[in-house]
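Asks:
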Amino acid sequence: MVSPTDIATAILEEMEKPFDGRTVRYIASEELTSNEVAKILGEAIGKPYLKHGEISDKMLANAMLKRGMNEQMVNGFVEMGVAGRTGKLYEDYYKNRPTLGKTKLKEYAKAFATKYNQK
Numbered sequence: 117m118v119s120p121t122d123i124a125t126a127i128l129e130e131m132e133k134p135f136d137g138r139t140v141r142y143i144a145s146e147e148l149t150s151n152e153v154a155k156i157l158g159e160a161i162g163k164p165y166l167k168h169g170e171i172s173d174k175m176l177a178n179a180m181l182k183r184g185m186n187e188q189m190v191n192g193f194v195e196m197g198v199a200g201r202t203g204k205l206y207e208d209y210y211k212n213r214p215t216l217g218k219t220k221l222k223e224y225a226k227a228f229a230t231k232y233n234q235k
C-alpha cells in the first residue's frame, strides 16, 4: 500500500537529486495482507466483518471480459495475479525493500469512509 502523500514526498526527494541514469525506487507506506486491508476499511465503513475473498483466474477473466475489457489487458491482470500469489511479483521489492512512508491505511480509511458513506 502506498499513500499519494508518500509518493509526492519521494518524487520531491528524487527531483532534488542530480540525475545519474535510470534507477528504480520502491515507495511503500505500509505492508499489509489483503485481509488486513479489508479489516481496516471494513471497520472504517461500519462493516467490521468484511474479508478478502479469492476467485479463480478464470472467474476473474470472464468477469473482466463480460464488462468489456480487451483480452490482452485481461490476460495481463490474470498474469499479475498469478505472479502475486507465487511471490514472483515481489521478489525485487523484497531484495530492495524501502523505508516505509509515514501515511498509514488507518489514516486513509477515514477519508475513504467519508466518501463511501456519501453514496
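Per this note's numbering, the sequence shown starts with residue 117, numbered consecutively.
Using N, Cα and C, we set each Cβ at its ideal position, and we do this for glycine too.
1) Here's the rule I'm using: 16 or more other beta-carbon atoms within 10 Å means buried, otherwise exposed. How should Asp208 be labelled?
2) Assuming Leu166 and Leu176 make a contact with CB atoms under 8 Å, what is their CB distance in whole Å?
3) Give the straight-line distance between the Cα atoms of Gly137 and Gln234, rounded to the nearest whole angstrom.
4) Is DSSP giving Asn186 helix, strand or coil here?
5) With a Cβ-Cβ cutoff of 8 Å, do Leu221 and Val118 count as a contact?
6) Determine contact between the stretch 138-151 and the stretch 212-219, defined as no fewer than three beta-carbon pairs at a distance below 8 Å.
7) Nearest CA to the CA of Pro120: which residue from Lys218, Arg201, Asn186 and Val140?
8) Within 10 angstroms of its Cβ, does Lys155 collect 16 or more other Cβ (buried), or is it exposed?
9) State buried or exposed for Ala160, treating a residue as buried only when at least 16 other CB atoms are found within 10 Å of its CB.
10) Measure the alpha-carbon distance for Thr202 versus Met180 and round it to whole angstroms.
Replies: Looking at the atomic coordinates:
1) For the purposes of this step, residue 208 is taken as the residue at position 92 of the sequence shown. Its Cβ having fewer than 16 others within 10 Å, Asp208 is exposed.
2) Taking the sequence shown and counting its residues from 1, one reaches residue 166 at position 50. Taking the sequence shown and counting its residues from 1, one reaches residue 176 at position 60. Their Cβ separation, rounded to whole angstroms, is 19 Å, which puts Leu166 and Leu176 out of contact at 8 Å.
3) The residue you call residue 137 lines up with position 21 of the sequence shown. The residue you call residue 234 lines up with position 118 of the sequence shown. Approximately 46 Å between the Cα atoms of the pair.
4) Here residue 186 is taken as the residue at index 70 of the sequence shown, counted from 1. Coil at Asn186, not helix or strand.
5) Counted from its first residue, the sequence shown places residue 221 at position 105. Counted from its first residue, the sequence shown places residue 118 at position 2. No, they are not a contact pair.
6) Result yes; three or more Cβ-Cβ pairs closer than 8 Å.
7) In the sequence shown, residue 120 corresponds to position 4, counting from 1. The residue with the shortest Cα to Cα distance from Pro120 is Lys218.
8) In the sequence shown, the residue the question calls residue 155 occupies position 39. Flag for Lys155 reads buried.
9) The residue labelled residue 160 in the question sits at position 44 within the sequence shown. So Ala160 ends up on the buried side.
10) Sequence index remark: in the sequence shown, residue 202 carries index 86 (1-based). Sequence index remark: in the sequence shown, residue 180 carries index 64 (1-based). Rounded to the nearest angstrom, the two C-alpha atoms are 22 Å apart.
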